[in-house]
Amino acid sequence: MDGVHDVGGLDGFGAVERVPVEPVFGEEWERQALAVTMATHAVVQEGAAVFRHGIERMEPAHYLSSSYYEHWLTSAATILVEAGVTSQAELERRAGGPFPLSRSGRGTTPHVAGPRLEPRFAPGDRVRVREWHPRGHTRAPRYVQGKRGIVTRLDSPANLPDVEAHGGGQVPLPTCSVRFSARELWGDGGAEGEAIYVDLWEFYLEEDR
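For the sequence shown, our numbering assigns the number 850 to the initial residue and increments by one for each residue that follows.
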């Protein structure tokens, strides 16, 4: 979905802070947030697509002002509340104050004819990424939507997260790697001769005519 989380290709966020020797967890609560997330998957039995969409649904101001593991904790808590395992009131009681959750509503499930294992495209085919900006979850980055590239590699079919995130079950579809020129993606800001490879589901692609 279009949202503040999809920042690929955008600038203006300042320099990336790099820690030469970064610990796995900066603070103990981050370790606990990971444990809560794993426990949530075990209890609710929802996949990674649902979890990622829970992060996408965070309020923009909350998303931008919070850390990586706070994103995880917010999504896990939202999923647990939506599943009826706990309530926001109970979370706030235990936290001793406000406990923000992601916005309600998971968007819509795209229409997919059904599982398909045989690829439509082959290495060397010219393709265009559909420009559709769905209201629900998608793994097609906004910066490649509407852009043209060349299929360079076929990969194994995988479940389409756009369907799985909205309760539509597992629908395996072919995946592939697509090569985009830097100029195609960034215009004059892209260096001549440079390329970016993006792994995509064929569901996102159409023939470049």
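Where is the CB? At the ideal position from N, CA and C, for every residue including glycine.
- Look at residue 1056 here: in three-state DSSP terms it is strand.
- Relative to the Cα of residue 896, the nearest Cα in the group 1017, 865, 906 belongs to 1017.
- In the three-state DSSP reduction, residue 958 falls in the coil class, being neither helix nor strand.
- Cα atoms of residue 906 and residue 952: separation of roughly 5 Å, rounded to the nearest angstrom.
- Here residue 860 carries a coil assignment [DSSP, helix/strand/coil].
- Residue 1014 places its beta carbon less than 8 Å from that of residue 899.
- Membership of residue 1010 in the alpha helix (DSSP H) is indicated by the continuous run 1010-1013.
- Within its own chain, the residues whose Cβ lies closer than 6 Å to the Cβ of residue 1048, once the five positions on either side in sequence are excluded, are 1026, listed in chain order.
- One alpha carbon belongs to residue 893, the other to residue 1058, and they sit about 44 Å apart.
- A check of alpha carbon separations from residue 875 across 985, 957, 967, 916 identifies 916 as the nearest.
- Shown here for residue 1019: same chain residues with a beta carbon closer than 7 Å to its own, the five before and five after excluded, namely 1008, 1013 in chain order.
- Measuring C-alpha to C-alpha distances from residue 858 to each of 1055, 1042, 991 identifies 991 as the nearest.
- Under the DSSP assignment, residue 1050 falls in the beta strand (DSSP E) whose first and last residues are 1044-1050.
- Assigned with DSSP and collapsed to three states, residue 1039 falls in coil, not helix or strand.
- A distance below 6 Å between beta-carbons, with the five flanking residues on each side excluded, links residue 924 to the following residues of its chain, in chain order: 900, 903, 904.
- For residue 1022, the uninterrupted beta strand (DSSP E) segment begins and ends at 1021-1030.
- Under the 8 Å Cβ criterion, the region 858-869 does not count as touching the region 967-982, having fewer than three qualifying pairs.
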